Ligand SMILES: [Zn+2]
């Protein structure tokens with residue numbers, strides 16, 4: 001047995017050093033648990049090694065236990081008894097993949113605005129879930145999700161404008177909230193009405209707007225948030241630039 005080297009569980013005659021590595025998730029130095037090795041046929045990544053060994057490892061830090069990939073450069077040992085043995089030393093070439101999330105491009109801008117306009121937050125969370133459902137061919141669920149998203153957008157915006165009436169708004173039907181609280185801007189009133197009509201088609205047994213589909217619903221929802229953003233941006237400039245006279 002080679003000292004300070006362990007056998008790669010699934011590879012014959014392949015050993016690796018048990019040096020500590022920094023976990024890319026929790027930044028702790030620890031000797032990871034090694035699960036599986038793969039010798040890459042091609043030189044990859046920054047290390048630029050020939051046939052590097054890539055190990056799938058688990059961080060041994062108690063509160064982390066996250067997995068990542070560690071890349072090792074191969075060395076050939078000339079020392080005797082075990083015969084020529086490949087072994088490896090750790091390098092800084094530790095890397096990992098972050099979770100891949102597909103975000104809908106169309107609401108990315110509004111997502112960046114959440115800090116300034118917190119009433120977008122629930123809408124964006126729900127919209128993303130509906131988007132994920134739609135991406136996974138769950139059209140029925142997606143339609144209901146988009147319907148819920150528009151309700152949260154309209155109600156939370158109405159609450160933002162009329163904080164003293166938040167409880168009433170929460171328990172009032174979407175169409176009524178639109179009529180009662182969004183009529184100050186004609187375009188906003190008209191487009192949010194259409195969003196609620198098409199949204200209702202996604203949850204009601206009988207469809208009223210034949211020939212309109214989930215893409216139309218998404219379009220009117222986006223026009224609604226664009227209109228809210230226009231109204232709020234104008235307000236921002238009016239507040240920032242007081243009339244000097
Ligand atoms: Zn860790």
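In UniProt numbering, the protein residues as written are 1 to 245.
C-beta atoms are modelled at their ideal positions from N, C-alpha and C, and glycine is treated no differently.
Here the structure is a predicted model, which means the values were calculated and not measured.
Using a Cβ-Cβ cutoff of less than 8 Å, which residues in the same chain neighbour residue 64 once the five nearest sequence positions on both sides are dropped?
The residue given as residue 64 occupies position 64 in the chain shown. The residues are 23, 25, 26, 28.
Assuming the contact rule is C-beta atoms closer than 8 Å, residue 189 and residue 183 should be a hit. Round their C-beta distance to whole Å, please.
Here the question's residue 189 lines up with position 189 in the chain shown. Here the question's residue 183 lines up with position 183 in the chain shown. Rounded, the Cβ-Cβ distance is 5 Å, consistent with contact.
Please identify the residue among 70, 228, 241, 245 whose C-alpha is closest to the C-alpha of residue 117.
Taking the chain shown and counting its residues from 1, the one referred to as residue 117 is at position 117. The shortest C-alpha separation from residue 117 is found at 228.
Cα separation between residue 157 and residue 169?
Here residue 157 refers to the residue found at position 157 of the chain shown. Here residue 169 refers to the residue found at position 169 of the chain shown. Distance between the alpha carbons of residue 157 and residue 169 is about 10 Å.
Could you check which residue in 197, 16, 224 has the C-alpha nearest to that of residue 191?
Mapped onto the chain shown, residue 191 falls at position 191. If we check each option's Cα against that of residue 191, 224 comes out closest.
Using C-beta distances below 7 Å, list every residue in its chain close to residue 187, excluding the 5 sequence neighbours before and after it, in chain order.
Locating residue 187 in the chain shown gives position 187, counting from the first residue. Hits under 7 Å: 227.
On the three-state DSSP scale, how would you describe residue 114?
Walking along the chain shown from the start, residue 114 turns up at place 114. Of the three classes helix, strand and coil, the one that applies to residue 114 here is coil, per DSSP.
Kindly indicate the opening and closing residues of the alpha helix (DSSP H) around residue 137.
Taking the chain shown and counting its residues from 1, one reaches residue 137 at position 137. Counting along the chain, residue 137 falls outside any alpha helix (DSSP H), and DSSP gives it neither H nor E.
Can you grab the Cα-Cα spacing for the pair residue 104 / residue 145, in whole Å?
In the chain shown, the residue the question calls residue 104 occupies position 104. In the chain shown, the residue the question calls residue 145 occupies position 145. Going from the Cα of residue 104 to the Cα of residue 145 covers about 14 Å.
Do residue 201 and residue 208 have their C-beta atoms within less than 7 Å of each other?
Position 201 of the chain shown holds residue 201. Position 208 of the chain shown holds residue 208. Cβ distance < 7 Å, so residue 201 and residue 208 count as in contact.
DSSP three-state label for residue 148, please.
Position 148 of the chain shown, counted from the start, is the residue given in the question as residue 148. Residue 148 falls in the helix class under three-state DSSP.
Is residue 172 near ligand 1, going by C-beta to nearest heavy atom under 6 Å?
Your numbering for residue 172 matches position 172 in the chain shown. No, the beta carbon of residue 172 sits no closer than 6 Å to any heavy atom of ligand 1.
Would you say the beta carbon of residue 66 is closer than 6 Å to some non-hydrogen atom of ligand 1?
Sequence index remark: in the chain shown, residue 66 carries index 66 (1-based). Yes, the Cβ of residue 66 comes within 6 Å of a heavy atom of ligand 1.
Quick check on residue 28: does DSSP put it in helix, strand or coil?
To locate residue 28, count along the chain shown from 1; it is residue 28. If DSSP states are grouped into helix, strand and coil, residue 28 belongs with coil.
Would the C-beta of residue 168 count as close to ligand 1, meaning under 6 Å from any of its heavy atoms?
Position 168 of the chain shown, counting from 1, holds the residue named residue 168. No, ligand 1 has no heavy atom inside 6 Å of this Cβ.
With DSSP collapsed to three states, give me the class of residue 8.
Locating residue 8 in the chain shown gives position 8, counting from the first residue. It is coil, neither helix nor strand.
Can you check which of these residues, 17, 54, 141, is closest to residue 40 by C-alpha distance?
Translated into the one-based positions of the chain shown, residue 40 becomes position 40. The shortest C-alpha separation from residue 40 is found at 54.
At a cut-off of 6 Å, would you count residue 61 as near ligand 1, judging by its Cβ distance to the nearest heavy atom?
Start at 1 with the first residue of the chain shown, and residue 61 comes out as number 61. Because some heavy atom of ligand 1 lies under 6 Å away, the Cβ of residue 61 counts as near it: yes.
Does the distance from the CB of residue 36 to the CB of residue 13 come in under 7 Å?
Here the question's residue 36 lines up with position 36 in the chain shown. Here the question's residue 13 lines up with position 13 in the chain shown. Their beta carbons are not under 7 Å apart, which means residue 36 does not touch residue 13 by this criterion.
As a quick exercise: from 109, 115, 18, 185, pick the residue whose alpha carbon is nearest that of residue 70.
Counting from 1 along the chain shown, the entry for residue 70 is found at position 70. The shortest Cα separation from residue 70 among 109, 115, 18, 185 belongs to 18.
From residue 143 to residue 155, what distance separates their C-alpha atoms?
The residue you call residue 143 lines up with position 143 of the chain shown. The residue you call residue 155 lines up with position 155 of the chain shown. Each residue's Cα considered, the two are about 19 Å apart.
Distance check for residue 160 and residue 149, CA to CA, integer angstroms please.
Position 149 of the chain shown holds residue 149. Position 160 of the chain shown holds residue 160. Looking at the two C-alpha atoms, the distance is approximately 16 Å.
So, residue 194 versus residue 220, is the Cβ gap smaller than 7 Å?
The residue you call residue 194 lines up with position 194 of the chain shown. The residue you call residue 220 lines up with position 220 of the chain shown. Yes, the Cβ-Cβ distance between residue 194 and residue 220 is below 7 Å.
Which of helix, strand or coil does DSSP assign to residue 195?
Start at 1 with the first residue of the chain shown, and residue 195 comes out as number 195. DSSP places residue 195 in helix when its eight states are reduced to three.
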